[in-house]
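Asks: Numbered by the numbering used here, the letters in the sequence shown go through residues 61 to 404 in order.
Please see the structure below; I have some questions.
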Amino acid sequence: MSYQRDFEKRLNVGIIGAGSHCYRNVLPTMNYLPVKVQAICDLNAAIAEKTALQFGCSHYQKTSDMYANEKLDAVFICVGSQFHPALVLEAFAANTHVWVEKPIAMRASEVAEMITKRQDRIAVVGLKKAFMPATQKAIEVTRDEQYGKLRSILASYSMTMPENGAEVLENRTFTNWLGNGCHPLSLMMAVAGNVGAVTVHRTESGHGTCLLEFTNGVIGNFHFASGPLPNEFYRFYGDSWHLTIDNGDVVTLERGIPFKYGVTTDFVPGGFDSGALVWRPQNTLATLENKALFIQGMYHEMKYFCDCVLAGTPAIQGSLEFAHELMNVYEAALISGGKRVVIS
């Protein structure tokens, strides 16, 4: 592990959008990245100036001025999703690599345009749940031959689906389904792959379930949970083992025990080859693995982007292609209305 001041080779980066989320999450993560914050750009001149003072860098109100005056390797974009497409394309035109916060856009077609105009630029979308350590452990386990084949996924996340999905798409309305639905979707897709069809059953309150048919045959059941912000929960069912992610910070691998109906008498058999394995962060010491920036994947997605840029290798995780597939699922769910929608 290295910190910003430790890296010999660093990227000159600009920050576009220095609002609350950026200030709480994106900017603090810079302490752990191979970067030099060279410019802050925000429509609010006072915020841009005050934030720039903390980093000893330039500040701008217009991105065009920033690109004209600064020599940047990359930008980190963190504004409203309706503004992301134009800012991403502008960065590409300025020959600058891009990390952009989720949601990347309002429509899948906007992401498709980014892909066509990306050329050799590197782009990563801030879908943190796809990067968080718990998700990476799920990917590792479900790829192991001892796990068997992944068969199904059960997910529970506080969510509502708007009633007028077609109007939401047509009017480009921002809803919770766009703003936060991408979190569980990106996690499930990072583990199971692309989705081929979507069916949503919605109650009058907007809760219900989203049935995801993955192209590899896996079935995902995404439950729209109600109540006072219940903990998110995921379970991945394989032929031999099950893996659970609870609240993003507890990973349990259920390996089962030797069992014979009417014969087995001990639920804790000898040895260490059966039973459950549990991973969770410790909170005794003030260390990195128990910080939200690390548990939730903020560090991992941004470090991955920096590593790709420094190595000159295209992004695979959190790529524009991955974000495009996710946006297709987002749109299909909005127009489902209880009917199966095939994603072409």
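Using N, Cα and C, we set each Cβ at its ideal position, and we do this for glycine too.
A quick note: this is a predicted structure, and the numbers were derived from the prediction, not measured.
Hey, could you find the ends of the beta strand (DSSP E) residue 336 is sitting in?
Replies: Sequence index remark: in the sequence shown, residue 336 carries index 276 (1-based). Unbroken beta strand (DSSP E) run through residue 336: 336-339.
Asks: Using a threshold of 8 Å, state whether the C-beta atoms of residue 93 and residue 358 are closer than that.
Replies: Translated into the one-based positions of the sequence shown, residue 93 becomes position 33. Translated into the one-based positions of the sequence shown, residue 358 becomes position 298. No; because the gap between Cβ atoms is not below 8 Å, this pair is not in contact.
Asks: Please state whether DSSP places residue 65 in a helix, a strand or coil.
Replies: Position 5 of the sequence shown, counting from 1, holds the residue named residue 65. The answer is helix: DSSP assigns residue 65 an H, G or I state.
Asks: Report the start-end ranges of each alpha helix (DSSP H) in the segment 186-261 that is 4 residues or longer and not cut off at the edges.
Replies: Runs of the alpha helix (DSSP H) inside the segment 186-261: 188-191, 193-202, 225-231, 236-239 and 242-252.
Asks: Short of 7 Å in beta carbon distance, which residues of its chain neighbour residue 74, apart from the five on each side in sequence? Order them along the chain.
Replies: Start at 1 with the first residue of the sequence shown, and residue 74 comes out as number 14. Correct list, in chain order: 98, 99, 101, 126, 130, 132 and 135.
Asks: What is the DSSP secondary structure of residue 399, counted as helix, strand or coil?
Replies: Position 339 of the sequence shown, counting from 1, holds the residue named residue 399. Coil.
Asks: Alpha carbon to alpha carbon, how far is residue 104 from residue 121? Give it in angstroms, no decimals.
Replies: Translated into the one-based positions of the sequence shown, residue 121 becomes position 61. Translated into the one-based positions of the sequence shown, residue 104 becomes position 44. C-alpha separation (whole angstroms): 7 Å.
Asks: Mapping DSSP to helix, strand and coil, what is residue 148?
Replies: Here residue 148 is taken as the residue at index 88 of the sequence shown, counted from 1. Three-state DSSP puts residue 148 in a helix.
Asks: Output the distance between the C-alpha atoms of residue 268 and residue 201, rounded to the nearest integer angstrom.
Replies: Indexing the sequence shown from 1 puts residue 268 at position 208. Indexing the sequence shown from 1 puts residue 201 at position 141. Cα-Cα distance, rounded: 29 Å.
Asks: In whole angstroms, give me the CA-to-CA distance for residue 222 and residue 63.
Replies: One-based indexing of the sequence shown puts residue 222 at position 162. One-based indexing of the sequence shown puts residue 63 at position 3. Residue 222 and residue 63: Cα-Cα distance of roughly 43 Å.
Asks: Label residue 181 either buried or exposed according to how many other C-beta atoms from any shown protein chain fall within 10 Å of its C-beta, with 16 as the threshold for buried.
Replies: Along the sequence shown, read from residue 1 onward, the residue named residue 181 stands at position 121. So residue 181 ends up on the buried side.
Asks: Just verifying my parser: in three-state terms, what is the DSSP assignment at residue 139?
Replies: Translated into the one-based positions of the sequence shown, residue 139 becomes position 79. In this structure, residue 139 counts as coil in the three-state DSSP scheme.
Asks: State yes or no: is the C-beta of residue 160 within less than 8 Å of the C-beta of residue 152?
Replies: Your numbering for residue 160 matches position 100 in the sequence shown. Your numbering for residue 152 matches position 92 in the sequence shown. No. Outside cutoff.
Asks: For residue 395, which residues of its own chain have a beta-carbon under 8 Å away from its beta-carbon, when the five flanking residues on both sides are left out?
Replies: The sequence position of residue 395 within the sequence shown is 335, counting from 1. Hits under 8 Å: 225, 226, 229 and 401.
Asks: Using a 10 Å radius around the Cβ and a threshold of 16 neighbouring Cβ atoms, would you call residue 327 buried or exposed?
Replies: Reading the sequence shown from its first residue, position 267 is the one you call residue 327. With fewer than 16 other Cβ atoms within 10 Å, it is exposed.
Asks: For residue 352, tell me which candidate among 284, 235, 315 and 192 has the shortest Cα-Cα distance.
Replies: Residue numbering aside, residue 352 sits at position 292 when the sequence shown is read from its first letter. Cα-wise, what sits closest to residue 352 is 192.
Asks: What first and last residue would you give for the alpha helix (DSSP H) that runs through residue 176?
Replies: For this step, residue 176 is matched to residue 116 along the sequence shown. Run containing residue 176: 168-177, per the alpha helix (DSSP H) assignment.
Asks: Can you grab the Cα-Cα spacing for the pair residue 199 / residue 251, in whole Å?
Replies: Walking along the sequence shown from the start, residue 199 turns up at place 139. Walking along the sequence shown from the start, residue 251 turns up at place 191. Approximately 5 Å, taken between the alpha carbons.
Asks: Here's a check: name, in chain order, each residue in its chain whose Cβ is nearer than 7 Å to the Cβ of residue 88, leaving out the five neighbours to either side.
Replies: On the sequence shown, residue 88 is found 28 positions in, with the first residue counted as 1. For residue 88, where only same-chain residues beyond five positions count, the Cβ hits under 7 Å are 353.
Asks: Helix, strand or coil: how does DSSP classify residue 369 here?
Replies: As a first step, residue 369 must be located in the sequence shown, where it is residue number 309. If DSSP states are grouped into helix, strand and coil, residue 369 belongs with the helices.
Asks: In chain order, what residues of the same chain lie with their CB nearer than 8 Å to the CB of residue 275, ignoring the 5 residues before and after it?
Replies: The count along the sequence shown starts at 1 and reaches residue 275 at position 215. So the list reads 253, 254, 255 and 256, once near-sequence residues are dropped.
Asks: Across the segment 136-147 and the segment 68-82, are there enough close Cβ pairs to call them in contact, namely three or more that are closer than 8 Å?
Replies: In short, these stretches touch, since the Cβ pair count reaches three.
Asks: Please report the distance separating the alpha-carbon of residue 390 from that of residue 350.
Replies: Translated into the one-based positions of the sequence shown, residue 390 becomes position 330. Translated into the one-based positions of the sequence shown, residue 350 becomes position 290. Going by the C-alpha atoms only, they are around 31 Å apart.
Asks: For residue 294, report the span of its beta strand (DSSP E) as first-last.
Replies: For the purposes of this step, residue 294 is taken as the residue at position 234 of the sequence shown. 293-298 is the extent of the beta strand (DSSP E) around residue 294.
Asks: Which runs of the beta strand (DSSP E) spanning at least 3 residues fall entirely within the segment 267-326, listed in chain order?
Replies: The qualifying runs are 268-274, 279-285, 293-298, 302-306 and 310-314.
Asks: Compare the Cα-Cα distances from residue 68 to each of 119, 80 and 96 and report the closest residue.
Replies: In the sequence shown, the residue the question calls residue 68 occupies position 8. Out of 119, 80 and 96, 96 has the C-alpha closest to the C-alpha of residue 68.
Asks: Alpha carbons only, please: which of 259, 266, 241 and 220 is nearest the one belonging to residue 163?
Replies: Numbered from 1 along the sequence shown, position 103 holds the residue referred to as residue 163. If we check each option's Cα against that of residue 163, 241 comes out closest.
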